[in-house]
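Its first residue numbered 1, the sequence shown is counted upward by one per residue in the numbering used here.
Built from N, CA and C at the ideal position, the CB exists for glycine as well.
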Amino acid sequence: RVVGSLRGWGWGVFISVLDILIGICAWAFIKIRKKSVQTLLAELRSPLGPPVMLRGSIIVATDVLLFYSLLLIVVQVIASSPVWPGTRADGFPTACPVKSQNCVRIGNTTQDSYAAGGLAAPFQLKGSAAQAMVVLERVVAVLGGRVVEKRKGTLLRAEFTTFTMGFTDDLCLLLSCAPGGQVMVAMQSESRLGIVDLGVNLGRVTKLTQALTAACGPNTSNAECDQTCSA
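Below is the structure:
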């Protein structure tokens, strides 16, 4: 995560310098034409003012679009993969990063959870693992996620991407059978970039548990989750 942060700072400095260079080029263009600010303002007041203003607006808009495009590219480059410290043999993350402020985890025990905001562990549902997986996929899609991996019918990984800047959060869900025949759902939601997430991951996990409980919670009666989970 430290390396990723350093790369992020490096790319940020690169974009800032590039944007400054574009501004310097625009200033140099004005100087080459030997026009002062007062001359430009006089042109704007003349009949030729609107074309001059339009040309300037196009230059500014191009600069802004270039900066935004480069920023999007940088975000995708430095956040191209999850930043989990490691994964277990079953594919589930080993833990949230130490002292992380943009990761939430509900494990199969309270000790294995992290920053869960009072959400109980283990989180359990009625039904078999296969039935729970169907419900999980549907709920993730409703919350705006995109499933990118399913493994052995017990692990699901999804990505949530913001519309404006393309920031990506990773969600990993692992199903296992509880002794009573219910399904335990371990989950971890984490942002790839940034230091804090402004409560986004906790909000996502909270909405996820609420939707899953409404569909196949222990007190529900639903044909979609009428089987028992067996290892």
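For V134, the enclosing alpha helix (DSSP H) has its first and last residue at 129-142. Residue pairing by DSSP puts L156 in a beta bridge opposite K150, L173. With respect to C172, F92 sits close: the two C-beta atoms are nearer than 9 Å. At least 9 Å separates the beta-carbon of A132 from that of G145. The criterion of a C-beta distance shorter than 9 Å is not satisfied by R192 and V104. The C-alpha of L21 is placed about 57 Å away from the C-alpha of C216.
In the three-state reduction of the DSSP assignment, I106 falls in the strand class.
Under the criterion of beta carbons closer than 8 Å, G127 and C229 qualify as touching, at roughly 7 Å. For V183, the uninterrupted beta strand (DSSP E) run begins and ends at 183-191, by DSSP. Under the Cβ criterion (8 Å, minimum of three pairs), the segment 102-119 counts as touching the segment 179-194. For C216, the enclosing alpha helix (DSSP H) has its first and last residue at 200-216. Cβ-Cβ distances below 8 Å link A211 to V139, V142, L143 in the same chain, with the five nearest sequence neighbours on each side left out; the list follows chain order. T164 is classed as exposed because its beta carbon has fewer than 16 other beta carbons within 10 Å across all chains shown. Judged by DSSP in its simplified three-state form, L125 adopts strand.
In the same chain as E149, and ignoring 5 residues on each side of it, the C-beta atoms closer than 6 Å to its own belong to R157, in chain order. Only exposed fits Q111, as fewer than 16 other CB atoms lie within 10 angstroms of its CB.
Within the same chain, and ignoring the five residues on either side of A130 in sequence, the residues whose Cβ sits closer than 7 Å to its Cβ are G153. In the three-state reduction of the DSSP assignment, V98 falls in the coil class. Assignment of T87 by DSSP, reduced to helix, strand and coil, places it in the strand class. A residue is called buried once 16 or more other Cβ atoms fall within 10 Å of its Cβ, and D197 is buried on that count. Bridge partners of P93 according to DSSP: T87.
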